[in-house]
Amino acid sequence: MFHIWKRKAEKSILEPSGWPEGDNIPKHVAIIMDGNGRWAKKRGMPRIAGHHAGMKTVKRVTIAADDIGVEILTLYAFSTENWTRPQEEVDFLMRLPQEFLKIELNELIEKNVQVRMTGWREGLPAHTLQALDEAEAKTKNNTGLILNFALNYGSRREIADAARLLAEDALNGKISLGDITEESLADKLLTANISDPDLLIRTSGELRLSNFMLWQLAYTEFWFSPRFWPAFTKQDFYDAIREYQQRTRRYGGLK
Ligand code: FPP
51 MFHIWKRKAE
61 KSILEPSGWP
71 EGDNIPKHVA
81 IIMDGNGRWA
91 KKRGMPRIAG
101 HHAGMKTVKR
111 VTIAADDIGV
121 EILTLYAFST
131 ENWTRPQEEV
141 DFLMRLPQEF
151 LKIELNELIE
161 KNVQVRMTGW
171 REGLPAHTLQ
181 ALDEAEAKTK
191 NNTGLILNFA
201 LNYGSRREIA
211 DAARLLAEDA
221 LNGKISLGDI
231 TEESLADKLL
241 TANISDPDLL
251 IRTSGELRLS
261 NFMLWQLAYT
271 EFWFSPRFWP
281 AFTKQDFYDA
291 IREYQQRTRR
301 YGGLK
């Protein structure tokens, strides 16, 4: 019995079963990719080895999302708070987009993926921006999955910036106080051009938002996985999607 169970478990890591079907595939999936450091530590490796392994999961999950028709995949790759990590780790993380895109950009182009970034440009190294700008330019006419990296992103600052921009417009007489609404504030956020996430996944067993899209997640469905990000599988991703498909979204109303 144990052997059958073990074989089943091993198989499920390699080959996803229960492919999500139906038309209620979440349009926008956002992921807090957590647990790289702990994954590496468990194996006696440096934290950066965990980030490197996490890059492979980025590829795996991008393909899994594209295969089932997710329209936007936002990955929280670096927060405004992550600058406080040791310089060596920050430098390594800043090189990952470049490395990832060097290996994967051609396939992303072939798959009709659009690469985007949500976050502040200032503070990011020139080589990181150059890699992302190039990927964005080369994929801007694509019409498939939007692969959106949240990089140098923090939600409280984003909301404060939006409030300041609206206040400026009001002071300059461009708008009246009555024009300050949920919609006009959302239009000043870094995500003005993308819809709110339908599903948020966080890996590694942590149950918090870590300053990620606080405004945009107001009615998002949450799904938490105990798995560290480098070990997160296509099967895990599809399990999350299938659970999302079972949920009833009421947006505060009655079904
Ligand atoms: C959190 O895990 C993870 C990060 C701060 C970085 C996430 C980045 C990647 C997965 C690679 C991104 C790849 C591309 C292509 C941009 P942690 O280090 O905080 O884990 P811990 O909580 O176990 O220490």
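Going left to right, the sequence shown walks through residues 51 to 305 as the working numbering numbers them. By construction, the Cβ of each residue, glycine as well, lies at the ideal position given by its N, Cα and C atoms. Computed from a predicted model, the values in this text were never measured in an experiment.
Exposure of TYR294, with buried meaning 16 or more beta-carbon neighbours within 10 Å: Buried, because 16 or more other Cβ atoms sit within 10 Å of the Cβ of TYR294.
Inter-residue CB distance, ARG207 and LEU264 (contact presumed, cutoff 8 Å): No, ARG207 and LEU264 are not in contact; Cβ-Cβ is about 11 Å, not under 8 Å.
Distance between beta carbons of ARG88 and PHE278, contact taken as under 8 Å: 6 Å
In DSSP terms, what SER334 is bridged to: No information on residue 334 is available, as it lies outside the stretch 51 to 305 that the chain covers here.
Own chain, CB closer than 7 Å to LYS161, minus 5 neighbours either side, in chain order: So the list reads ASP116, GLY194, once near-sequence residues are dropped.
Near the ligand FPP: MET105 beta-carbon under 7 Å from a heavy atom: Using a cutoff of 7 Å, the CB of MET105 counts as near the ligand FPP, since one of the ligand's heavy atoms is closer than that.
Status (buried if at least 16 other CB within 10 Å, exposed otherwise) for TRP273: buried
The segment 221–240 touching the segment 141–160, judged by at least three CB pairs closer than 8 Å: no
ALA80 - partner residues in DSSP beta bridges: THR124, LEU250
Best match in ASP211, THR178, ALA181, SER260 for proximity to LEU240 [C-alpha to C-alpha]: ASP211
Reference LEU158, options LEU197, GLU172, TRP133, closest by Cα: LEU197
Residues sharing a beta bridge with SER234, DSSP: Paired residue(s): none; SER234 is not in a bridge.
Proximity test, Cβ basis, 8 Å: ASP84 and chain C: The chain inventory of the structure shown lacks chain C, comprising one protein chain alone.
Buried versus exposed, by CB contacts within 10 Å (16 or more), ALA127: Around the C-beta of ALA127, 16 or more other C-beta atoms lie within 10 Å, and the residue is accordingly described as buried.
Contained alpha helix (DSSP H) runs [length at least 4] in the segment 192–241, N- to C-terminal order: 205–221, 232–237
Burial state of ASN191 (16 or more Cβ within 10 Å): Exposed: under 16 other Cβ atoms inside 10 Å.
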